[in-house]
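Engineer:
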Amino acid sequence: MKEEQSFAAEEQETTAAESQEPVNEAGAAEAQAEEMVDQEQGEIARLTAEAEEHQQRLVRAQADFDNFRRRTQKEKEELAKYASMKLITELVPVIDNFERAMATVPEGTESESFSKGIQMIFRQLESVLNNEGLTAMETVGQPFNPEFHQAIMQVESDEYEEGTVVEEVQKGYMLKDKVLRPAMVKVSS
């Protein structure tokens, strides 16, 4: 009987050892699988973060490009709109001189035809410049605005309120919606 007991005990030990071995192997395999899953999840998180960063960079680069495209388009339009600005700026003193010349025309039959010719040339020049967008400012009687007017003196006036343009010394001009030359004016005080 002793032998049977010892055999039974031995058999139980072997069975217990065999049954413990797969549990340890299964636990180790499970731990290894968990570790791999954690590594893969870490790798997925890293790649996801990297993909999001690249996506943000792409969105920013696209926005920068759109802004650049709009800005250059606006600059092109403005350049086309004000392409004649330099030439017109140089012609404004010529207009002033024409007006001065027409204001000092002497009386007489000989000078009358000459005066008419000068006036026709002046109207033609004025028409061409108006077609390009040049307009003279209306200043007398308007409130003083430093964006459009350059005050050269203040004068007492019973006719106008304080801060109103009383007299225009030199015409001001607008080119489309931009001030080409501010008007030199006298302002009531």
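Note that the numbering used here has the sequence shown beginning at -6, numbered continuously upward.
No residue lacks a Cβ here, since even glycine has one placed at the ideal position from N, Cα and C.
Here the structure is a predicted model, which is why all the values come from computation and not from measurement.
1. In the DSSP output, which residue or residues are listed as bridge partners for HIS142?
2. Could you check if MET95 is buried or exposed, using at least 16 other CB atoms within 10 Å of its CB as the buried criterion?
3. Please specify which runs of the alpha helix (DSSP H), each continuous and at least 4 residues long, are wholly inside the region 36 to 97, giving them in chain order.
4. Runs of 3 residues minimum, wholly inside the region 99 to 169: which ones carry the beta strand (DSSP E) assignment?
5. Going along the chain, which residues of its own chain have a beta-carbon closer than 7 angstroms to the beta-carbon of PHE141, five neighbours each way excluded?
6. THR128 and GLU161 - do their beta-carbons sit closer together than 8 angstroms?
7. Does the distance from the C-beta atom of GLU125 to that of ILE81 stay below 8 angstroms?
8. Look at the Cβ atom of THR157, then the Cβ atom of VAL180, and state whether they are nearer than 8 angstroms.
9. If GLU155 and SER182 are in contact, beta carbons under 8 angstroms, what's the gap, nearest whole angstrom?
10. What does DSSP give as the partner residue(s) for SER181 in the beta ladder?
11. Return the CA-CA distance between GLU100 and VAL87, expressed in angstroms with no decimal places.
12. Helix or strand or just coil, what does DSSP make of ALA19?
13. Enumerate in chain order the residues of its own chain whose CB-to-CB distance from MET146 is below 8 angstroms, with the five nearest sequence positions on each side excluded.
14. Taking C-alpha atoms, which residue in LEU84, GLY134 and VAL159 lies nearest to ASN123?
Structural biologist: Quick answer:
1. ALA176.
2. MET95 is classed as exposed because its beta carbon has fewer than 16 other beta carbons within 10 Å across all chains shown.
3. If we require 4 residues or more, the alpha helix (DSSP H) runs fully inside the region 36 to 97 come out as 78 to 96.
4. 127 to 129, 142 to 148, 158 to 163 and 166 to 168, all fully within the region 99 to 169.
5. If we look at PHE141 and ignore the five residues flanking it on each side, its Cβ neighbours are MET130, GLY165, VAL172, PRO175 and ALA176.
6. Cβ distance not < 8 angstroms, so GLU161 and THR128 don't count as in contact.
7. Taking 8 angstroms as the Cβ cut-off, GLU125 and ILE81 qualify as a contacting pair.
8. In terms of Cβ geometry, THR157 and VAL180 form a close pair [threshold 8 angstroms].
9. 6 angstroms between Cβ atoms; contact.
10. DSSP output for SER181 lists VAL148 as bridge partner(s).
11. Linking GLU100 to VAL87 through their CA atoms gives a straight-line distance of about 23 angstroms.
12. DSSP places ALA19 in helix when its eight states are reduced to three.
13. Exclusion of the five residues before and after MET146 leaves LYS179 and VAL180 as the residues of its chain whose Cβ lies within less than 8 angstroms of its Cβ.
14. For ASN123, the nearest C-alpha among the options comes from LEU84.
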